[in-house]
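Q:
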Amino acid sequence: MAVTSTFTVKGMTCSHCVQSVTQELSALPGVTDVQVDLASGGVTVASDAPVSDEAVRAAVDEAGYELADA
Numbered sequence: 001m002a003v004t005s006t007f008t009v010k011g012m013t014c015s016h017c018v019q020s021v022t023q024e025l026s027a028l029p030g031v032t033d034v035q036v037d038l039a040s041g042g043v044t045v046a047s048d049a050p051v052s053d054e055a056v057r058a059a060v061d062e063a064g065y066e067l068a069d070a
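Printed below as a string of structure tokens:
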């Protein structure tokens, strides 16, 4: 069963930002799809099992951006 989670990332301003965030999140275990909306900063992560907020936060941080507090 697929799980979809939505997050907001702060600091993305261009397509390179989107690519960096997508690449880091796609590398997380179980992640099957990542969709990023540059205009809103919204990021939707689809995965085989729930991905922890901590793992998403670490991946976004690794890409050089910040996860907005929910």
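Per full-length UniProt numbering, the sequence shown starts with residue 1, numbered consecutively.
Quick reminder that beta carbons are idealized off the backbone N, C-alpha and C, glycines included.
#1: Provide the residue(s) that pair with residue 67 in DSSP beta bridges, ordered along the chain.
#2: DSSP state of residue 53, grouped into three classes?
#3: Skipping 5 residues on each side, what residues in its chain have a beta carbon closer than 7 Å to that of residue 10?
#4: Please state if the CB of residue 36 and the CB of residue 18 are separated by a distance shorter than 8 Å.
#5: Closest to residue 44 by C-alpha separation, out of 26, 58 and 54, would be which residue?
A: Taking the definition as stated:
#1: 9
#2: helix
#3: 41, 65, 66 and 68
#4: yes
#5: 26
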